[in-house]
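Shown next, in structure tokens, is the structure this report addresses.
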Amino acid sequence: MKRDRIICIFVLAATFAFAGAAQMYSQDKKDAGEAHKIVHFGDLKWTPIIKGCDVASVDGDMNADGTPFVIRIRCTDGSKIPAHWHPTDENVTVLKGTFLVGMGETFDETKMQTMNVGNFVSMPKEVRHYAMSKGETIVQVHGAGPFKVNWVNPSDVQPPDAAPAAARPKS
């Protein structure tokens, strides 16, 4: 009788342990979400942001607070991104072309550092910086949202539909 009771307790303990492990495994699987997501370059939806540059969301929501995101920025040859800063860290990888990056509140081409394909820069939050592209350039930016751009001097920003500087009327 005592042996039967021990076997019964052992079987019950093993059953609970198995059930608990199965529940933990299924919860881990549920929390992990989908296995993977492939994003094809041709499926990206590009939106103009400033003169010569477009943005496309690759993954996540760049506007959601604390949420991981990945975006790409595509700029034509010679496009200039005026001095700006972000309230969160910005991580940039060059995928195509040449991207020049400078630090400070004033665009100064003589102080820019060249980033080629595969190069990476991590820009701490609130650091003032600016950029320029040589050749068609695509960079990938990732971080945690919200991804906001605060222009140091908003009058330096050319809207996407702005006429070239030489064709703009002088005021």
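Residue numbers (numbering that gives the first Met the number 0): 0 to 170.
C-beta atoms are modelled at their ideal positions from N, C-alpha and C, and glycine is treated no differently.
Scanning its chain for C-beta atoms nearer than 7 Å, with the 5 sequence neighbours on each side dropped, one finds around D76 the residues S132, K133, G134 and E135, in chain order. Closest by C-alpha distance to V156, out of I48, N115 and V38, is I48. Per DSSP, the continuous beta strand (DSSP E) segment holding E135 begins and ends at H128 to A143.
Burial is judged here by how many other beta carbons sit within 10 angstroms of a residue's own beta carbon; K147 has fewer than 16 and is exposed. Distance between M111 and A130, taken at the CA atoms: about 8 Å. N90 is a Cβ neighbour of G142, given a cutoff of 8 Å. In this structure, the CA atom of V116 is about 18 Å from the CA atom of M122.
The beta carbons of A63 and V151 sit about 25 Å from each other, so the pair does not count as a contact at 8 Å. Contact annotation: V140 and V93 have beta-carbon atoms that are not nearer than 8 Å. In this structure, the beta-carbon distance from D60 to T66 falls below 8 Å. With a contact defined as Cβ atoms closer than 8 Å, V126 and V100 miss out at about 11 Å.
DSSP places M102 in the uninterrupted beta strand (DSSP E) bounded by E89 to M102.
Inclusion of K124 and P153 in the CB contact set at 8 Å is not warranted, their separation being larger than that value. It is roughly 11 Å from the alpha-carbon of T113 to the alpha-carbon of G96.
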